[in-house]
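These notes concern the structure reproduced below.
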Amino acid sequence: MMTMKVLTLAFAALIATSASALAAEDLSQPQEPIKQSWSWEGPFGMYDRAQLQRGFQVYKEVCSACHSLNLVSFNDLSYEHGGTGMFSDAQVKAIAAGYKVPAGPDEKGNTTDESGNPLMRPGIPADHFPAPFANEEAARAANGGALPPDQSLLVKAREGGADYVYSIVVGDGAKPPHGFKVVEGKYYDPYFAGRTIGMPPPLRDDSVTYSDGTKATLDQEAQDVTAFLSWAAEPKLEDRHRIGFGVMLFMLLLSGLLFLSYRKVWKDAH
Amino acid sequence: MSGPSTYVPKSGFSRWMDSRLPLMRFAHDTMLAFPTPKNLNFWYAFGAILTFMLGIQILTGVVLAMHYVANADLAFNSVEGIMRNINYGWLIRYMHANGASFFFIAVYIHMFRGLYYGSYKAPREVLWILGVILYLLMVATAFFGYVLPWGQMSFWGATVITNFFSALDQITPHWGSAIATWLWGGFAVGDATLNRFFSLHYLLPFVIAGVVALHIWALHVPGNNNPLGIDVKGPQDTLPFHPYYTVKDAFYVAIFALIYLAFVFYAPNFFGNPDNYTPANPVVTPPDIVPEWYLLPYYAMLRSVPQKLLGVIVMAGSLLTLLFIPWLDTSKVRSTRFRPMMKQFFWFFVIDCAILGYCGSQSADASLTLGSFALPLVWIARLATLYYFGFFWVIMPLLGIIERPKPLPTSISQPVLAAAE
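Line by line, the protein sequences are chains Y and F. Each number in the working numbering comes from the position in the first sequence (counting from 1) with 680 added on. Each number in the working numbering comes from the position in the second sequence (counting from 1) with 803 added on.
Structure representation (structure tokens):
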């Protein structure tokens, strides 16, 4: 992902140097995402647990109003029993219980209560995050025709990855350049394809109040929620980096030994 | 093979076995004593590397198939289940996905090596043709495999490729579409298509393994070619395969695996397309449908022809051309080392393939801006396609006639002596 980014940037720079001198900014094309430095980048990169907790808070209090997180279960939020999450089992239990999820039929076989509403029960850790809308049609109807994408894999499903998601969040609602017409009910976002996005600016300063006392600036919130979504898309990243280090050491040692064997065997071959 | 057997059974059991099923003799003659030219260089390690990668792909693939669900509604989430909930599932899947790319890196180097040293020339034509068949099987297997995660690129890639057959409508109306419908098992790529692609994706690797056995058999009858491209004159030119080449191959396999695993652990999505992390959606077409990187040169050739049927013919022709190389090259000299003109055309051919790959990776209407002049990439792709075919069908036959090769060494063990003459 990172190497790809570097290649893309290098190529973009090449194109830019040949093209930018000639034309003013092409407003039909999105801007390159803002490059950020993330704690999980590089071979030894790891997530920052405190940041993941803050990011979860932003997701829960803001994003989850429109965006589902279908592939993630509450259990995934735990760091106990070999989990990769950011909360203890007890915290996870409390978080899950705060959600209402569709319940199965009751003992009389009813699937709705007296007033005809579907039966609900408090969530348990094994449940996945409930989606904010019942289906795609409901989601579009509530969002001016636009479909808020599921966020489980968002960071991996977009060219530019975490930088892109961060840029979309901070860029949304920017003042459009002179002469750029934004469609009624849409917003200008220089990093989004076509530069017009259906999502209202999701975050501003103090959209959330962090329990750890971190100052909730727009930039801070965007960083934190991007970290959380990166974790949601690639929850095994830390295992991968840790095991990878051992594997690389082993392969280097093996290659070294094989090289010495090769030299010794071939010494008197000629 | 390649000379009389040198196996001597040592124990009572091995003598008993040898007169019934001489497995040990076979293993001894093909894997231990097999006389191998002593001047094989690094580029000859890719046979072993490919065997290693085939093993990795089959092993990881069998485990993935235990957890994968070939159903259009469940496939995408079952792959994510492997990534999130199966113990080390992420490792197995990333090894398999990156393994495909590294399998192709290895096979391309292996093929270019064969081209450079003239390894397709008599008496190795069948060896080469089996290799081309292996490559085509790999392409088919990789294509089926790429469809299985049922992401956007899976779905639309499958749609584009299978639609090639509907181009036949232009010769025999309705027949092409009928073939496409038959392949899909419906009127569009769907659940039936996914199921049969899964079945074929599981079957073909074992077909590949079978053809690999034939490929190695066809290698062991004439014996290895070598960087000098001259025949082995006697035992002074060879070394037993074991331990000389087992240890040399093992070293290069380890280096190759090191690079491969570096991608698995530190850049597992480098070769992937982000769009494939979005579930397949038949009503939303991605802005740019691109195949995996190893098919980009063919994709560029396909798109360089403005007419659909002709485009498909050109693309199929570019692959089938490989089968005729043993007879297109008219030079008596195998190794490009001694062919000064071929050397230049060869390296330009390598660059040409890279240019085609680049053109295939860009959108169809892209152009290269040089100052105030914009050159449409499709024209670069057209020139590159022309060179691709020209290299095999014009340059190769002609060079054999007009080129004056450098003098060949008298034998593998005396190359320096010959050069001094």
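Ideal Cβ positions, reconstructed from N, Cα and C, are used throughout, including at glycine.
Contact between Leu-937 (chain Y) and Trp-720 (chain Y) fails: their C-beta atoms lie close to 33 Å from each other, not under 8 Å. Under the three-state reduction of DSSP, Tyr-759 (chain Y) is assigned to coil, being neither helix nor strand. Of the candidates F:Gly-948, F:Leu-971, F:Lys-1146, F:Lys-1146 places its Cα closest to the Cα of Arg-916 (chain F).
Cβ contact annotation for Leu-707 (chain Y) (same chain, cutoff 6 Å, sequence separation greater than five): Phe-860, in chain order. Residues of chain F whose Cβ lies closer than 8 Å to the Cβ of Glu-839 (chain Y) are, in chain order, Pro-1077. Here Val-781 (chain Y) is bridged, per DSSP, to Y:Arg-801. Comparing alpha-carbon positions, the option among F:Phe-829, F:Pro-812, F:Met-820, F:Pro-838 lying closest to Gly-1037 (chain F) turns out to be F:Pro-838. In this structure, the straight-line span from the alpha carbon of Pro-802 (chain Y) to that of Tyr-891 (chain F) is close to 31 Å.
In the same chain as Met-820 (chain F), and ignoring 5 residues on each side of it, the C-beta atoms closer than 8 Å to its own belong to Pro-812, Leu-826, Met-827, in chain order. With respect to chain Y, the C-beta atom of Glu-1095 (chain F) has no partner C-beta closer than 8 Å. Here the C-alpha atom of Phe-1152 (chain F) lies approximately 26 Å from the C-alpha atom of Leu-1022 (chain F). Between the region 911 to 926 of chain Y and the region 1047 to 1055 of chain F, the count of Cβ pairs shorter than 8 Å is below three; the stretches do not touch. By the criterion of a C-beta distance shorter than 6 Å, Tyr-759 (chain Y) is surrounded in its chain by Gly-765, once the five residues flanking it on both sides are discounted. Across the set F:Thr-863, F:Trp-1130, F:Asn-1084, F:Ser-1164, the C-alpha of F:Ser-1164 shows the shortest separation from the C-alpha of Met-1104 (chain F). When rounded, the separation of the alpha-carbon atoms in Glu-928 (chain F) and His-1018 (chain F) is 11 Å. Secondary structure note for Ala-1070 (chain F): it is in no beta strand (DSSP E), with a DSSP letter that is neither H nor E.
About 6 Å separates the beta carbons of His-921 (chain Y) and Phe-724 (chain Y), which is inside the 8 Å limit, making them a contact pair.
Counting along the chain, no beta strand (DSSP E) covers Pro-1129 (chain F); the unbroken alpha helix (DSSP H) around it starts and ends at 1111 to 1131. In the three-state reduction of the DSSP assignment, Gly-725 (chain Y) falls in the coil class.
Taking every protein chain shown into account, the CB of Pro-870 (chain Y) has 16 or more other CB atoms within 10 angstroms, so this residue is buried. When secondary structure is reduced to three states using DSSP, Tyr-923 (chain F) falls in the coil class, being assigned neither helix nor strand. Segment contact: the region 878 to 894 of chain F against the region 1024 to 1033 of chain F, fewer than three CB-CB distances shorter than 8 Å; contact not assigned. If you ignore the 5 residues before and after Gly-853 (chain Y), its C-beta comes within less than 6 Å of the C-beta of Tyr-867, Pro-881, all in its own chain and listed in chain order. By the criterion of a C-beta distance shorter than 7 Å, Leu-937 (chain F) is surrounded in its chain by Ile-1011, Val-1014, Val-1015, His-1018, once the five residues flanking it on both sides are discounted. For Phe-939 (chain Y), the chain F residues whose Cβ falls inside 9 Å of its Cβ are Phe-1054, Ala-1057, Ile-1058, in order along the chain.
Per DSSP, Phe-1176 (chain F) is one residue of the beta strand (DSSP E) stretching across 1176 to 1179. Annotation for Thr-996 (chain F): the continuous alpha helix (DSSP H) segment containing it runs 994 to 1023. In the three-state DSSP reduction, His-808 (chain Y) falls in the strand class (E or B).
In chain order, Ala-949 make up the part of chain Y whose C-beta sits under 7 Å from the C-beta of Lys-841 (chain F). Near chain Y, meaning a CB-to-CB distance below 8 Å, the residues of the region 1018 to 1046 of chain F are Leu-1042, Pro-1046. Of all alpha-carbon atoms in Y:Leu-929, Y:Ile-848, Y:Ala-774, Y:Thr-897, the one lying nearest the alpha-carbon of Ala-806 (chain Y) is that of Y:Ala-774. Here Leu-939 (chain F) has Leu-1122 as same chain residues with Cβ atoms under 8 Å from its own Cβ, once five neighbours each way along the sequence are excluded.
Excluding five sequence positions before and after Ser-980 (chain F), the CB atoms of its chain that fall closer than 7 Å to its own CB belong to Ser-969, Asp-972, given in chain order.
Within 10 angstroms of the beta-carbon of Ala-819 (chain Y) lie 16 or more other beta-carbons, which makes it buried. Counting C-beta pairs closer than 8 Å gives three or more between the region 1083 to 1100 of chain F and the region 941 to 958 of chain F, which meets the contact rule. Under the three-state reduction of DSSP, Tyr-897 (chain F) is assigned to helix.
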